[in-house]
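Visitor: For what it's worth, my numbering labels the leading residue of the sequence shown as 211, then goes sequentially. Even glycine gets a Cβ: it sits at the ideal position worked out from N, Cα and C. The following block contains the structure, expressed as C-alpha cells.
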Amino acid sequence: MTSDKIIIQGARHHNLKNIDVEIPRHKLVVVTGLSGSGKSTLAFDTLYAEGQRRFVESLSAYARQFLERMDKPEVDLIDGLSPAIAIQQKAPGHNPRSTVGTITEIHDYLRLLFARIGRSYCHRCGRPVSAQSIDQIVDQVTAFPEQTRILILGPLVSNQKGRHEKRLRQLQKQGFSKVRIDGEVMDIEASDGLEQHQRHTIDVVVDRLVIKPGISNRLADSLELAMAQSDGRVAVDIMGGETILFSEHAACTYCNISLPELSPASFSFNSPQGACAKCDGLGVASELDPELIVPNPDLNLREGAVKVWAHRSSVQFMDFLEALTRYYGVDIYTPYKDLPESFKTVLMHGSGDVEIPFFFERKNRRVVYRKRFEGIIPKLARRYIETDSQQSRDEIEQYMNVRPCEACRGDRLNPASLAVRVGGRNIAEVTRFTISQAHDYFAALAGELTEKDAVIAQNILKEITDRLGFLNNIGLGYLTLERPASSLSGGESQRIRLATQIGSKLTGVLYVLDEPSIGLHQRDNRRLLATLLQMRDLGNTVLVVEHDEEMIRAADHVVDMGPGAGVWGGEVVFSGHPDRLVEAETSLTGQYLAGKKCIEVPTARRAGDGRQIIVKGARARNLKNIDAIFPLGCLICVTGVSGSGKSTLVLETLHRILVQRLHRNRIRAGACDAVSGTEYVDRVIHIDQSPIGRTPRSNPGTYTGVFTHIREVFAETPEARMRGYKAGRFSFNVKGGRCESCQGDGIIKIEMHFLPDVYVVCDVCRGKRYNRETLEVRYKGKTISEILNMTIDQALEFFERIPAIRNKLQTLSAVGLGYLQIGQQATTLSGGEAQRVKLAKELSRRATGNTVYFLDEPTTGLHMDDIRKLLDVLNRLVDMGNTVIVIEHHLDVIKTADYIIDLGPEGGDAGGRIVACGTPEAVATADASHTGRFLKKMIQRGLCGGKSHPEPP
211 MTSDKIIIQG ARHHNLKNID VEIPRHKLVV VTGLSGSGKS TLAFDTLYAE GQRRFVESLS
271 AYARQFLERM DKPEVDLIDG LSPAIAIQQK APGHNPRSTV GTITEIHDYL RLLFARIGRS
331 YCHRCGRPVS AQSIDQIVDQ VTAFPEQTRI LILGPLVSNQ KGRHEKRLRQ LQKQGFSKVR
391 IDGEVMDIEA SDGLEQHQRH TIDVVVDRLV IKPGISNRLA DSLELAMAQS DGRVAVDIMG
451 GETILFSEHA ACTYCNISLP ELSPASFSFN SPQGACAKCD GLGVASELDP ELIVPNPDLN
511 LREGAVKVWA HRSSVQFMDF LEALTRYYGV DIYTPYKDLP ESFKTVLMHG SGDVEIPFFF
571 ERKNRRVVYR KRFEGIIPKL ARRYIETDSQ QSRDEIEQYM NVRPCEACRG DRLNPASLAV
631 RVGGRNIAEV TRFTISQAHD YFAALAGELT EKDAVIAQNI LKEITDRLGF LNNIGLGYLT
691 LERPASSLSG GESQRIRLAT QIGSKLTGVL YVLDEPSIGL HQRDNRRLLA TLLQMRDLGN
751 TVLVVEHDEE MIRAADHVVD MGPGAGVWGG EVVFSGHPDR LVEAETSLTG QYLAGKKCIE
811 VPTARRAGDG RQIIVKGARA RNLKNIDAIF PLGCLICVTG VSGSGKSTLV LETLHRILVQ
871 RLHRNRIRAG ACDAVSGTEY VDRVIHIDQS PIGRTPRSNP GTYTGVFTHI REVFAETPEA
931 RMRGYKAGRF SFNVKGGRCE SCQGDGIIKI EMHFLPDVYV VCDVCRGKRY NRETLEVRYK
991 GKTISEILNM TIDQALEFFE RIPAIRNKLQ TLSAVGLGYL QIGQQATTLS GGEAQRVKLA
1051 KELSRRATGN TVYFLDEPTT GLHMDDIRKL LDVLNRLVDM GNTVIVIEHH LDVIKTADYI
1111 IDLGPEGGDA GGRIVACGTP EAVATADASH TGRFLKKMIQ RGLCGGKSHP EPP
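As C-alpha cells, this is what we get:
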C-alpha cells in the first residue's frame, strides 16, 4: 500500500466514466465541478462508501446489522484508503432533548465541572450550603476570640406547632437538663406550659464552653453528641451574639432541606437525578394555543377562522354557530380579530354556568333547548385525554404549542441542581450564553477560582474552552448552548459536527465534507478554512466537495470534474495544485478563476414598478422591531451574517403573512405590527431545495407535467388507438401498461439482512418498467421506456414539433438541466437540481406579473457557471413583472441584485437589525455592513468569482 496517495482506478459508479485519479494523503483536497458532474459520486459514493464498507466488514456479522450499510461502489481498485468519516449536510434530528451543548459534548463537561467545584446554595433562602466534618467545625469554632462564651445546641424542632412533650421527656431520660425554647434557655421541667397551637423552636443544650486552649477534645465530643440528637446538625450560639448553624450533610439548617450528593447526573436533564419533575427535563409543556386554533384572525367564523371547525359545514353546525353568536350579540361575519375579547374568551374556554338557547327543527316545529357551551380548549383537552386513537391525538397536537414549564421556567433541571453555582452562575444560565459569550466567560473564570478548584477544573476547562473556540472559529458564535438541535440548518449542523471531530483529535482519518461553507457569511469563511487546515495538520486527509473560490485557491490539491454534467460529465478534467488550474483550458472552473469567464455586474439596476410591500414592527425571534421595505418588480437580496434574522424576516414573517392573506392559509406567521402592499400580489411561491419526490417513482418528467403530454402523444398513435389504449396505459404508476412483476419500478429490491440491500434489474421487463404489449407502441420509432431514458436535451430535439412538450423541456434546459434524464429518479437529484426543476416548472406556467418568489440560498451546490444560469432564470422571472426575494451570501448573486436588505450587525441577540438597504452600490458604502465591505471592491473593480473573495484591507 502506498503511504502518500489514495489511488483510484476504474471508477464507474453512477456517471463516472471509468476514471483513474490519485489523491494525496494528509492534504486539503477540494473536489469541484459543475452540478451533476460527479463530484459527490467520487467523494461520497466511491471514496467514503468504500472506506466505511471496509471498516464495517472488519466487524462481526452480528455487529454489522446495527450499522449503516452502504453499497459497494463500482470501482476496480482503491489503494491507500484510510478509515473514512463523512460530515454531510444532513437535516438535524427532531429529538427535543438534543441541544448544541449535548451534541458537541460541552454540556457533559459542564456537568462534570459543576459536580466537582460547584458551590451549593439553598434554593429557598439562598444561603450557602456545604457539608462539614467534625474537625472542620472544631477548627472554625476554636478560631473565635479567646474567652468567648458559647452554647453547643442540637436543633430539634424548627417553627412547629405543638407541646412536643414526648420529645422533651426523651431528652430528660437521656440525661439532658437544659433546652432552649424560642430563644430562652430553661430547664426541661419548666417547659410543660407550651401552647398547643403556637409555633415553637426547640434546641437541646449539650454544653457550655469558653474558648481557650485545650478545649478541642471536649468541643469535638459535644459537637458529636449534638449531631447525634439532631440528624447531623449543630448550632453554636455565641452568647450575646449570633447563632451559627453547621451540618455534616449538605443541608440548609435554616430551611431544614437536605440536598443530595452532587454528581454529573445531578445536572443532566436526561437523568431523574437532575431533571425537573414536572416537565421531565424537557423545559416545556404542551398546551392548547388559541393562536394555533385561530391561525388567521383575518377570517370570520363563517369562513373557518377556527381551524378546528374549518371543515364543518352542516346545517346543524351553522345553526349552532348562529345561535352562539346571536346570544352574545356578535356578527358571524365579523373578522375574528375584531370580535370582543369577552366573546373570544367564551369561544375558547366556554360559557361557564351560562346556558345558551339553541334551536333546531323537528317535524316542522321549532324546538328550543338550553345547553352550556364547553369551549374549544376544554373540549380538545378532554378529547386528548379520553381518546385511545393515536390519530386523534396527532390531530389535536397540531393545535398545541410548547410553553416554558411553570416549575423550572424552561431551565429543565430541579431546584436543587439549579441552586449550584460556579462563578456565581448556575448551569442553566451558562447554557443560555451564546458560544462566543461562553468562551469569554470560561476564559475569565480560570483566573477567579481558588487554588484547589483551579487544580480540579484545569482539564475540564481546557476541554470546554477548546470546543467553544472551535465553534467560534467556524462562525457559530451566535448559537446558544441550549439551542435545540432540531432548529439548526443543514450547514450549521454540519459545522457543529466538524467542530466535534476537531475536538476528538483523530489522526490518519479521511474526512469527506459536503460544502461546509453553506450558510456562512464571507466574514467567517477564512475562520472555517483555518479549521479545515487544522484538521489536515493533525495528520488527516480532508476531502471537501466545494465551489468556494477561496477554498479552492487555499487547497493543496484540486480535482475538477466535468467537462459537463450528467452524461456529459463524470471525467477528471484537472487534478493538481490550484495554481495550475487557471491554466487548464478544458476546465470551466479554471476559466472562472482566471477571469476568462465571469458574472458581470449589471450596468443598470431596476427601480421596480413603484409599488412596495412594507413590513412594520417585525419582532419574531431576534428581530428588533424592524421596518423593512420590499420594492416590487425587483430582484431583492436579503443578506447578513449567519443568525442575523434573514430567514425569520423573509420566510417566517413576510412569506407566511402573504400565504395567509392570498391563499386563506392558516399557517402561523412571525409577529409584526402590520404588512401593507399585499394587494399588489396575486401569487406567492417558495422554491426551496427539498426533494421533488420522496420515492423513485417521481422524476422531472412527472413533476413538471411534461410526461402527461408525452403519454397523450403515445395514446394518439395509430397503434394505440387501434388497441384502445388511453394515456393511462403509458403510466408506470397504475395497473394496465406497467410491468406487474416490479410494479413499474424496473428494479427489484432484495433484502440481505446484515449486508446492503441488493437491487436487481427486473427479469421480466429488463428494467423497462412496462409490459410487452405497451412497449409494442412506438412514436417515431421510440418506445415510452426509451423516451424516459432520454436526456432533456435529446427529448427537446425529438419533440421539437410539439409545442406543449417543447415549451416545458425548453425551460428545463434553460436552467441548466439538459443533462438529466426525463425519467431520472427524484431521489438521485441534488438539492440544487431539485430547486432548478421547481424553477423550470414555474417558468413554464403562464406569467401573471404579480407573483412573489422566495428562494433560500439557491446557490447551494451550484458551480459558478450554474449560478450564471440560475441568475438568468431569476432575471427572466423579474423581467416578466414578478418579484424575486433571495436569501443569499454569495457575492455573485448579491452584486447583481436590484435591491439589498442587509441584516446584522452580528448573529443571535446582537443581530436582528437592518444595517443597510438599497442598491448594491449604496450598501457597499455602509461602514457598519460586513456585506458592504466585501461588496465594495467587487463593484469597483467588476470582479468575477464566488462568495469568498479575500477580505479587503
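Exposed or buried, F265, counting other C-beta atoms within 10 Å across all chains shown (16 or more means buried)?
Guide: Exposed, by the Cβ-count rule.
Visitor: Buried or exposed: where does R321 fall if 16 or more other Cβ atoms within 10 Å of its Cβ makes it buried?
Guide: It is buried - the Cβ of R321 has at least 16 other Cβ atoms within 10 Å.
Visitor: Between the Cα of E501 and those of F530, A400, G718, V612, spot the shortest distance and give me the residue it belongs to.
Guide: Taking only the C-alpha atoms, the option nearest E501 is V612.
Visitor: Taking A937 and A881 to be in contact with their CB atoms under 8 angstroms, please state how far apart those CB atoms are, rounded to whole angstroms.
Guide: Going by Cβ atoms, the distance from A937 to A881 rounds to 49 angstroms, so no, they are not a contact pair.
Visitor: Which same chain residues end up closer than 6 angstroms to D837 when comparing Cβ atoms and leaving out the 5 residues on each side of it in sequence?
Guide: Closer than 6 angstroms at Cβ, skipping near neighbours: K826.
Visitor: When you compare the region 793-800 with the region 846-854, are there three or more beta-carbon pairs, one atom per stretch, that lie closer than 8 angstroms?
Guide: With the cut-off at 8 angstroms, the region 793-800 and the region 846-854 do not touch.
Visitor: Which ranges does the beta strand (DSSP E) cover as unbroken runs of at least 3 residues, wholly within the region 942-1015, from first to last along the chain?
Guide: For the region 942-1015, whole beta strand (DSSP E) runs of length 3 or above, ordered along the chain, are 957-960, 968-971.
Visitor: Please confirm whether I586 and M610 have their CB atoms less than 8 angstroms apart.
Guide: Not in contact: I586 and M610 (Cβ atoms no closer than 8 angstroms).
Visitor: Using a threshold of 8 angstroms, state whether the C-beta atoms of G1121 and Y688 are closer than that.
Guide: Yes, Cβ-Cβ distance for G1121 and Y688 is below 8 angstroms.
Visitor: I'd like the ranges of any alpha helix (DSSP H) spanning at least 4 consecutive residues and lying wholly in the region 707-778.
Guide: DSSP runs (the alpha helix (DSSP H)) wholly in the region 707-778: 735-747, 759-764.
Visitor: Just tell me which of P788, A460, F553, G772 has its CA closest to the CA of V782.
Guide: Ranking P788, A460, F553, G772 by Cα distance to V782 puts G772 first.
Visitor: Would a C-beta distance cut-off of 8 angstroms place T888 and R871 closer than the cut-off?
Guide: It is a contact, given that the beta carbons lie within the stated cut-off.
Visitor: Alpha carbon to alpha carbon, how far is V494 from L590? Give it in angstroms, no decimals.
Guide: L590 and V494: Cα-Cα distance of roughly 20 angstroms.
Visitor: With A667 as the anchor, note down where its alpha helix (DSSP H) starts and where it stops.
Guide: Element bounds for A667: 661-683.
Visitor: When the cut-off is 8 angstroms and only beta carbons count, does S908 lie next to chain C?
Guide: The displayed structure is made up of one protein chain only, and chain C is not part of it.
Visitor: DSSP three-state call for Q801: helix, strand or coil?
Guide: Reduced to three states, the DSSP call for Q801 is helix.
Visitor: Do A656 and L671 have their CB atoms nearer than 8 angstroms?
Guide: Closer than 8 angstroms, so yes.
Visitor: Look at the Cβ atom of Y1109, then the Cβ atom of L1087, and state whether they are nearer than 8 angstroms.
Guide: Cβ distance not < 8 angstroms, so Y1109 and L1087 don't count as in contact.
Visitor: What first and last residue would you give for the alpha helix (DSSP H) that runs through V851?
Guide: It is not in any alpha helix (DSSP H) - V851 carries neither H nor E in the DSSP assignment.
Visitor: Is the region 730-743 in contact with the region 1137-1147, if contact means three or more CB pairs nearer than 8 angstroms?
Guide: At 8 angstroms Cβ cutoff, the stretches touch.
Visitor: Mind checking R580: buried by the 16 CB within 10 Å criterion, or exposed?
Guide: Exposed, since its Cβ has fewer than 16 Cβ neighbours within 10 Å.
Visitor: Could you tell me whether the Cβ atoms of D413 and G364 are closer together than 8 angstroms?
Guide: Yes.
Visitor: According to the neighbour-count rule (16 or more other Cβ atoms, all chains shown, within 10 Å of its Cβ), is Q1031 buried or exposed?
Guide: The residue in question, Q1031, is buried, as its Cβ has 16 or more Cβ neighbours within 10 Å.
Visitor: Curious, which full-length beta strand (DSSP E) runs of at least 3 residues does the region 448-529 contain?
Guide: The qualifying runs are 453-457, 494-498.
Visitor: Measure from the alpha carbon of K1105 to the alpha carbon of each residue in V231, R816, I316, then state which is nearest.
Guide: With distances taken between Cα atoms, K1105 lies closest to R816.
Visitor: Go ahead and label G853 buried or exposed: buried means 16 or more other beta carbons lie within 10 angstroms of its beta carbon, across all protein chains shown.
Guide: Label assigned to G853: buried.
Visitor: Do you know whose CA, among R593, E661, G1117, L1080, lies nearest H1100's CA?
Guide: Closest option to H1100, Cα to Cα, is L1080.
Visitor: Measure the C-alpha to C-alpha separation of G1114 and I1124 and round it to an integer number of angstroms.
Guide: Roughly 6 angstroms separates the two Cα atoms.
Visitor: Apart from the five residues on each side of it in sequence, which residues of its chain come closer than 8 angstroms, Cβ to Cβ, to S343?
Guide: Cβ within range, chain order: E458.
Visitor: Under a Cβ-count criterion, where at least 16 other Cβ atoms within 10 Å of its own Cβ denotes burial, should E759 be classed as buried or exposed?
Guide: With 16 or more Cβ atoms within 10 Å of its Cβ, E759 is classed as buried.
Visitor: Could you say which of E267, V446, D286 lies nearest to L277 if we only look at CA atoms?
Guide: Closest by alpha carbon: E267.
Visitor: Does the count of Cβ pairs from the region 322-340 and the region 382-393 closer than 8 angstroms reach three?
Guide: Output reads no: the region 382-393 does not touch the region 322-340.
Visitor: If I'm right that L708 touches P726 with Cβ under 8 angstroms, what's the distance once you round it to whole angstroms?
Guide: So it is a contact: roughly 6 angstroms between Cβ atoms.
Visitor: Under 8 angstroms, with one C-beta from each stretch per pair, do the region 230-246 and the region 1037-1057 reach the 3-pair mark?
Guide: The region 230-246 vs the region 1037-1057: in contact.
Visitor: Give the secondary structure of F583 by DSSP, where H, G and I count as helix, E and B as strand, and everything else as coil.
Guide: Coil, per DSSP.
Visitor: Which runs of the alpha helix (DSSP H) fall wholly inside the region 313-344 and span at least 4 residues, in chain order?
Guide: The region 313-344 contains these whole alpha helix (DSSP H) runs: 316-327.
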